[in-house]
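A quick write-up on the structure given underneath.
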Amino acid sequence: EVTGPCIIVIFGAAGDLTKRKLIPALHNLAQNKLLPDAFAILGIGRTSTQTNAFRSQIHQDLQEFAADALESELWEWLEPRLHYLAGNFQAPETYQQLAAQLQQLDQAFGTQGNVLFYFATAPTFFTEITQQLGAAGLVQETSDQWRRIIFEKPFGQDLASAQRLNQEIGQVLTESQIYRIDHYLGKETVQNILVFRFGNGLFEPVWNHRYIDHIQITVAEQVGVESRGGYYEGSGALRDMIQNHLFQLLALTAMEPPVSFEADAVRDEKSKVLKAIEPLTAEEVLTCAVRGQYGEGQIKDQSVSAYRLESRVSPESNTETFAALKLTIDNWRWAGVPFYLRTGKRLPERVSEIAIQFKHVPSLLFRETSIDQLTDNFLVLRLQPNEGISLQFGAKVPGPKVRMGSVNMDFCYANFFDATPTTGYETLLYDCMIGDATLFQRSDNVELGWQVITPILDVWSALPSRDFPNYGAGSWGPQAATDLLTRDGRQWHSSS
Ligand code: BG6
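Sequential numbering of the sequence shown, starting at 15, is according to full-length UniProt numbering.
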């Protein structure tokens, strides 16, 4: 269904996110006939580009980053809808010019006063731009015109800064205008966690501490820090990935069924489960939180250099490029079930998965088998790559003796649905345009994530690591991450 009329204003239009994700996503929406004719895009950036140059830049970017070849008919539709405004985000004149441009575009395209502002800028600008938009009267809603703002990540640096940011933007905007993005929620496979859990009668009855031994969430990346050293040095894996993406996966996996699929019903349940995560004490941080930083190593037979040698990274950097946590959720459903989370850069494979291990049988019937020969019953939700779901269980190996072997039931998205590749931003942009905030984070969701992470950050910054780098590029992280599970008699699911 086509969205309603609107203008999308992108702050940070010359940036990487705009060319790699936002414009390709808007292109895909247009290709699928989901954008209305009453539509325009206005890029704002500090570079003094003219609209014509902006258009040809986008044309070039689309050829590079859109999944499908750019159709000339689609470009003819899009080109006149692309506009650019050069301006300093801190200067009030920028917002006067913006107001004038919005009026012109509104008249030219009939967008009925609806505007989506996308903050694809460094987070240091979030408050400033919000206040300037407010002062210029650009975020005022009326009964027939909406104004919404998408905030890119990171939303805060720790609990205090996230609370401050929420408070500052809350002075100008109502919560219903604020869309805090976590691009993992735009992934089909992540949305499928809810469908899988609440659309099938088979799994929900066993989705609790009675049947589940523990849950592992892994987001492993092969890439290093690439050109983002400047940002990453002040962030690290815990802030960059765990507070947002891995906590979203945890929340969707562990939350109670919401009363409906309405935004607030879903977000209420997420908050409840995040609130139930037991905060780690300082002593527990030392045993239940592991940090790592990659040294040099080999990935796919290529030598790669250590994190400390990457551009815009300090040669003595103490920033973690790997983090693993053992958390417990203190509620009825999950009493006694550990959640192990890990993420890292320069690991051997790119793999994101949620692996749920079910408990072993209560007693062994087969005399020749010992308990450690039993197959672990893992249900694995694979988010990327080879998106799908697999269930690992034991089966009898043919032959006169009773021997058990491990087998898999496998579902691969690619075999069932011929979906076209997406950037993950299509759904998020579309949902914001139709005013559905289900896949966006509410202020309390974000703050609760920081609440769990902040005590760990505090201990880590008070006790800088003395053994960095402590894992080689191309390995599965520091030894302590393996020990985190072996100590409990368990193993990471995917670490060959
Ligand atoms: C981003 C992080 O939010 O997510 C990056 O800042 C990370 O460091 C990226 O590489 C991973 O996203 P995806 O979609 O490739 O798993």
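No residue lacks a Cβ here, since even glycine has one placed at the ideal position from N, Cα and C.
Keep in mind it's a predicted model, so treat the numbers as computed, not measured.
Buried or exposed, going by whether 16 or more other CB atoms sit within 10 Å of the CB of residue i?
i	result
Arg-224	exposed
Asp-254	buried
Ala-433	exposed
Leu-358	Sequence inspection shows Gly at residue 358; the Leu mentioned does not correspond to that position. Gly-358 is buried by the Cβ-count criterion.
Arg-447	Going by the sequence as given, residue 447 is Met instead of Arg. Its Cβ being crowded by 16 or more others within 10 Å, Met-447 is buried.
Glu-87	exposed
Glu-461	buried
residue 525	Since the first residue shown for the chain is 15 and the last is 510, residue 525 is missing from the structure and cannot be characterised.
Ala-67	exposed
Gln-455	buried
Trp-348	buried
Trp-346	exposed
Glu-270	exposed
Asn-484	buried
Glu-297	exposed
Phe-431	exposed
Thr-32	buried
Ser-190	exposed
Asp-120	buried
Gly-413	exposed
Under 8 Å, Cβ to Cβ, is there at least one residue of chain D near residue i?
i	result
Ile-231	No chain D is present in this structure, which holds just one protein chain.
Where do the N-terminal and C-terminal ends of the alpha helix (DSSP H) with residue i fall, by residue?
i	result
Val-204	202 to 212
Leu-505	One detail in the question is off: residue 505 reads as Gln in this sequence, not Leu. No alpha helix (DSSP H) contains Gln-505, which DSSP labels as neither H nor E.
Glu-445	Per the sequence presented here, residue 445 reads as Asp, with Glu not at that position. Taken as a continuous stretch (DSSP letters only), the alpha helix (DSSP H) holding Asp-445 covers 439 to 448.
Leu-499	493 to 500
Residue range of the beta strand (DSSP E) that residue i falls in?
i	result
Leu-405	402 to 411
Gly-419	417 to 426
Leu-462	Run containing Leu-462: none in the beta strand (DSSP E); it sits in the alpha helix (DSSP H), 457 to 476.
Leu-216	Premise fails: Leu-216 is in no beta strand (DSSP E) and is neither H nor E.
Leu-393	392 to 398
Val-23	20 to 25
Arg-162	161 to 165
Give the C-beta separation of residue i and residue j to the nearest angstrom, bearing in mind that I take them to be a contact with Cβ-Cβ under 8 Å.
i	j	result
Phe-133	Phe-275	With 8 Å as the limit, Phe-133 and Phe-275 do not qualify as a contact, their Cβ atoms being about 27 Å apart.
Pro-469	Pro-293	6 Å
Asn-391	Gln-371	7 Å
Leu-187	Ile-163	6 Å
Gly-180	Leu-288	The residue asked about is misnamed: residue 180 is Asn in this sequence, not Gly. Not a contact, Cβ separation roughly 15 Å.
Gln-312	Ala-495	Their Cβ separation, rounded to whole angstroms, is 19 Å, which puts Gln-312 and Ala-495 out of contact at 8 Å.
Leu-471	Leu-252	6 Å
Gln-257	Trp-91	Actually they are not in contact, since the Cβ atoms of Gln-257 and Trp-91 sit about 39 Å apart, beyond 8 Å.
Those runs of the beta strand (DSSP E) which lie wholly inside the region 70 to 149 and span at least 3 residues: 96 to 100 and 129 to 133
Taking the runs of the alpha helix (DSSP H) that are 4 residues or longer, which of them lie wholly in the region 287 to 311? 296 to 302
Unbroken alpha helix (DSSP H) runs of length 4 or more, entirely within the region 223 to 267: which are they? Runs of the alpha helix (DSSP H) inside the region 223 to 267: 243 to 247.
If we count Cβ pairs, one from each stretch, closer than 8 Å, do we get three or more for the region 213 to 227 versus the region 319 to 326? no
Give, in chain order, every unbroken run of the beta strand (DSSP E) that is at least 3 residues long and sits entirely within the region 168 to 199. Fully enclosed beta strand (DSSP E) runs of 3 or longer: 192 to 194.
Would the region 271 to 291 count as touching the region 358 to 372 if we require 3 or more Cβ pairs under 8 Å? no
Length at least 3, wholly inside the region 311 to 388: the beta strand (DSSP E) runs in chain order: Listed in chain order, the beta strand (DSSP E) elements of length 3 or more contained wholly in the region 311 to 388 are 311 to 313, 316 to 318, 336 to 342, 352 to 358 and 365 to 372.
Minimum length 4: unbroken alpha helix (DSSP H) runs contained in the region 38 to 64: none
Evaluate the contact criterion for the region 108 to 124 versus the region 81 to 90: three or more CB pairs, one atom per stretch, below 8 Å. Proximity of the region 108 to 124 to the region 81 to 90 falls short of the contact definition, fewer than three beta-carbon pairs being nearer than 8 Å.
Would you call the region 440 to 449 and the region 190 to 202 in contact, with 3 or more CB pairs under 8 Å? yes
Inspect the CB distances between the region 332 to 350 and the region 302 to 312 and report whether three or more fall short of 8 Å. Verdict: yes, contact present.
Would you call the region 26 to 36 in contact with the region 45 to 65, where contact means no fewer than 3 C-beta pairs closer than 8 Å? yes
Mind the definition here: the region 261 to 269 touches the region 204 to 212 only if three or more C-beta pairs lie below 8 Å; say whether that holds. yes
Are the region 144 to 162 and the region 30 to 42 in contact at 8 Å, needing three or more beta carbon pairs? no
The region 421 to 435 touching the region 402 to 409, judged by at least three CB pairs closer than 8 Å: Taking a cut-off of 8 Å on C-beta distances, the region 421 to 435 touches the region 402 to 409, as three or more cross pairs fall below it.
Is there contact here, the region 230 to 242 with the region 167 to 185, by at least three beta-carbon pairs under 8 Å? no
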